[in-house]
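**Q** The structure that follows is given in the form of structure tokens.
Residue numbers (this note's numbering): 50 to 171.
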């Protein structure tokens, strides 16, 4: 995002709208929250997912805490890039670090608390 924003500014644009779909919406929110870029005047968030809610309450329910414990143990041992022992949602693998980046409290995808506080400060 940084490169695109800098490119637009180099072309003279000073009112920029960030747009993202699905996890891209989460990335746009997280980016602006962390960077507070001037020139970002609005955001279009198309279908931003509640990854934590989906994992804890719908798809992973019983196994969520098992995945969380396993990921935290691997991270503590310096093995964040190691793949978890089972598939997430039954069809794909995740590394310990990736699992926590998406599904832990305060994860980069946990944007709903950020949105409630407002992020466009310019």
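All C-beta atoms, glycine included, are put in the ideal place defined by N, C-alpha and C.
1) Using DSSP with H/G/I as helix, E/B as strand and the rest coil, what is residue 134?
2) Which one of 113, 95, 105, 88 has the shortest CA to CA distance from residue 69?
3) Using only CA atoms, which one of 50, 51, 105, 74 lies nearest to residue 138?
4) Taking the alpha carbon of residue 100 as the point to measure from, which residue in 163, 153, 67 has its own alpha carbon closest?
5) Counting only the same chain and skipping the five closest in sequence on each side, list residues whose C-beta sits under 6 angstroms from that of residue 158.
6) Which residue marks the beginning of the alpha helix (DSSP H) containing residue 123, and which one marks its end?
7) Please report the straight-line C-alpha distance between residue 108 and residue 164, rounded to a whole angstrom.
**A** Short version:
1) coil
2) 95
3) 105
4) 153
5) 75, 100, 151
6) 113-125
7) 24 angstroms
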